Amino acid sequence: MSDPTHPTFSLTSETGEIIKTPITTLIFDMDGVIVDSEHLHCQAWIQAYQELGIPITEDYYFSTISGKHGLDSTRIVFEQHQKEYHPAFAASLVLRKDQLASELMKHYIPPIPGVVETIKRFAKSYKLGLGSTSSMVVVNTILTKFAIDDKFSVIISGEGVKQGKPHPEVYEKIAKLLEEDPHHCIVIEDSKSGIMAAKSAGMKCIAILNSRNKKEDLVNADVVISSFAELSDELIASL
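Position 169 of the sequence shown, counting from 1, maps to 214 under the numbering used here, and the rest follow consecutively.
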């Protein structure tokens, strides 16, 4: 008899036998899944670059650097504005941007509808992990604000990986720290690069629609949901 606490998805052996694999772990992205924070990251980057006399616009942010690892994005901006790139200075710029973003998020940001309740419910029956390209300062600000900072067994922020998404490093690292086989994990994502990272790590992926993506961006996910009201044990078991 299957364990109702841990829904399963199917693998097929070389002999064609169906093997049921228990899902023990749910891994959440943060930006776009737990919170819609991109507009605040944008404001923080604009202000940080203004302090250096480098003008960037909202359109530039979303078309060129949104979703990229902080240091990767600074290299792009410096090269395009013909500024000399120094890794230590770039790291201090990322820190300044994170300080600005964290202050904004303390006051101006609500959670994605239903996500806090979903996390609290699933924390009772699954291991939960969180993988974000944001800094730990920003991650801690968000999780503390929503009172879910004690729900995740493992949290990996942007400082914890060398490769940003779509590289699978962040999700591979979470599975390793949780001592879980990737086939036991499902990732909740909202972006094309995040879905690619999850799939490359050997995990199933549920994608959620939000104000900044489109269904066609999410075609490589195993299933797409429009709200957290649709995320259930039954859905997980159906994958």
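The beta-carbon is built from N, C-alpha and C at its ideal position, and this holds for glycine as well. Note that this is a predicted model, so its numbers are computed, not measured.
Query                                                                                                                                                 : Result
Closest to tyrosine 130 by C-alpha separation, out of Lys142, Asn185, Leu116, Arg141, would be which residue?                                         : Leu116
Is any heavy atom in the ligand MN found nearer than 7 Å to the beta carbon of aspartate 235?                                                         : What this structure holds is no ligand at all, so the ligand MN is not there to describe.
Let me know if histidine 229 comes out buried or exposed under the rule of 16 or more other beta-carbons within 10 Å of its beta-carbon.              : buried
Which two residues bound the contiguous alpha helix (DSSP H) that contains threonine 163?                                                             : 160-167
Would you call isoleucine 121 buried or exposed, if buried means 16 or more other Cβ atoms sit within 10 Å of its Cβ?                                 : exposed
Does the Cβ-Cβ distance between alanine 135 and alanine 89 come in under 8 Å?                                                                         : no
State yes or no: is the C-beta of isoleucine 164 within less than 8 Å of the C-beta of lysine 196?                                                    : yes
Can you check DSSP and say which residues form a bridge with proline 156?                                                                             : Val80
Taking only the alpha-carbon atoms, compute the straight-line gap between aspartate 39 and serine 236 and give it to the nearest angstrom.            : Because residue 39 is not part of the residues shown, which for the chain are 46 to 284, the question remains open.
In this structure, how does DSSP classify lysine 207 when only helix, strand and coil are distinguished?                                              : coil
Could you check where the beta strand (DSSP E) with valine 199 kicks off and where it finishes?                                                       : 199-201
Measuring only the C-alpha atoms, how far is isoleucine 140 from glycine 205?                                                                         : Correcting the residue type first, residue 140 is leucine in the shown sequence and not isoleucine. The straight-line gap from Cα to Cα measures roughly 15 Å.
Measuring only the C-alpha atoms, how far is threonine 119 from isoleucine 253?                                                                       : 28 Å
In three-state DSSP terms, what is lysine 190?                                                                                                        : helix
Excluding five sequence neighbours on each side, which residues of the same chain lie with their C-beta closer than 8 Å to the C-beta of alanine 274? : Gly159
Just how far apart, CA to CA, sit glutamate 214 and isoleucine 233?                                                                                   : 16 Å
Quick one: what's got a C-beta closer than 6 Å to methionine 241's C-beta in the same chain, skipping five residues either side?                      : Pro211
So, are the CB atoms of isoleucine 193 and methionine 75 less than 8 Å apart?                                                                         : no
If you count every other CB in all the chains shown that lies within 10 Å of the CB of leucine 276, and 16 or more means buried, which is it?         : buried
Which residues bound the alpha helix (DSSP H) around glutamate 275?                                                                                   : Neither: glutamate 275 is in no alpha helix (DSSP H) and is coded neither H nor E.
Taking phenylalanine 123 as part of the alpha helix (DSSP H), name the residues at either end of that continuous run.                                 : 115-125
Report back the beta-carbon spacing between serine 202 and serine 177 to the nearest angstrom; my notes put them in contact at under 8 Å.             : 6 Å
Could you compute how far the alpha carbon of alanine 246 sits from the alpha carbon of valine 184?                                                   : 22 Å
Determine the direct distance from the alpha carbon of alanine 93 to that of isoleucine 68, and round the result to whole angstroms.                  : 42 Å
From which residue to which residue does the beta strand (DSSP E) around glycine 174 run?                                                             : 172-176
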